[in-house]
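Report on the following structure.
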Amino acid sequence: MTTDEELAKPKRARSAPLARHILKSDHHAFIGRVYELSIVGMNFDSWDEVNKHPDCKYALEANEYVHALASRVESLNLVGNLLWPKPLPTNFRDFPVSRYEWLTVALDVFLVRYVSVVDCALLLTNQVFQCGIRARNCTVETLRKKGIAPTVIAILDDMLVDQGQLRAERNFRVHQGVERGFTQDDATFRMAALFEHRYRGIKGEDQFGRRINVTRFFKEALVELQRDFNRATRRLVRLLDTLYDQLWEEFEERFGPLIRAATHGLNAGAKKNRKAVDSESCSDT
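If you use my numbering, the sequence shown closes out at 584, no skipped numbers anywhere.
In structure tokens:
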């Protein structure tokens, strides 16, 4: 017969690690197209010289924002390294931080960098469509008011909706100091991790009468963060691919006339449009 005490104990959370999702950050052909065009920058020593050539200026500015977005996506794999540590440290007494502090840092990095991916996407959209919105004022609403294509706005809206809860958590965490708990008995975990790191550990029971096991606490917390990470990043890459498709079309429509009007003689190979790039990709395949 099950006792009231046993019913009060929550079911143990999973401690076995989840399969890791590794993000592709620069696989889209639009990124390769812009990176290829950016080679023209080697012909200039200053932005004053670049500004004399609208086609070069447009391509090099696009490269800056594309690189920023791709780098920010790639940085999420750094978060993955923190959430799937290999090898898993076994002696946290000689480690710079405790197990609990490890999770705190990992979550900080994840929330800030994950949320900023959309911010970087907004800035790239602003640049490709040449809206001229200041970075601090660049939002979906200001882009909408500039007449950005509804298909692009819809993608950006979807990205913001996906970020909803995590973006709110980032704001509370960064601006108000509100922290999430990592385990069913977070106070005991924090104390046990502190004693393990600074002293000789701690023995006893948690608030549910279970033996304190700081290693188990740590693994359970990692799994919860892994679950958030996988759920958020899988759809993020799919949405970014769709956004890149839309931005690529707009980029070529604006870049084409600029390169045709150029007189600097640096446009060898730059006249390739999206169809040419797609054709090359298909032939390579």
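Even glycine gets a Cβ: it sits at the ideal position worked out from N, Cα and C.
Item, Value
"When every heavy atom of the ligand MG is checked, does at least one fall within less than 7 Å of the C-beta of PRO556?", "Among the components of this structure there are no ligands whatsoever, and the ligand MG is therefore not found."
"What are the complete alpha helix (DSSP H) segments, minimum 4 residues, inside the stretch 373–450?", "398–427 and 439–444"
"Quick one: what does DSSP say ARG466 is sitting in, helix, strand or coil?", "helix"
"Could you work out which residue in ARG515, THR541, GLN426 and LYS502 is closest to MET458 when comparing CA atoms only?", "THR541"
"Which of the three DSSP states is assigned to ARG319 in this structure?", "coil"
"CA-CA distance, ARG553 and LEU336?", "14 Å"
"So which of TYR357, ALA328 and VAL349 has the shortest CA-CA distance to PRO556?", "TYR357"
"Please go through the same chain and pick out, in chain order, the residues whose beta-carbon is closer than 6 Å to the beta-carbon of PHE592, but skip the five residues on each side of it.", "Examination of residue 592 is not possible in this model, given that the chain is present from 300 through 584 alone."
"So, is LEU442 buried or exposed, given that buried needs 16 or more other C-beta atoms within 10 angstroms?", "buried"
"Which of helix, strand or coil does DSSP assign to SER582?", "At SER582, the pLDDT of 46 sits below 50, so the modelled position is not reliable; the number obtained from the coordinates is stated separately. Correct three-state label for SER582: helix."
"Among LEU402, TYR364 and ARG469, whose alpha-carbon lies nearest the alpha-carbon of LEU493?", "LEU402"
"Expressed to the nearest angstrom, what Euclidean distance is found between the alpha-carbon atoms of ARG489 and PHE507?", "16 Å"
"Going straight from the alpha carbon of ASP505 to that of LEU410, what length do you get?", "29 Å"
"If you reduce the DSSP assignment to three classes, tell me which class ARG313 lands in.", "coil"
"Take the Cβ of GLY476 as the centre, count every other Cβ of all protein chains shown within 10 Å, and call the residue buried at 16 or more, exposed below.", "exposed"
"My assumption, with CB atoms under 8 Å, is that ARG469 sits in contact with VAL414. Please give the rounded CB distance.", "5 Å"
"Look at the Cβ atom of LEU521, then the Cβ atom of LEU406, and state whether they are nearer than 8 Å.", "no"
"Put GLU478 into one of helix, strand or coil per three-state DSSP.", "coil"
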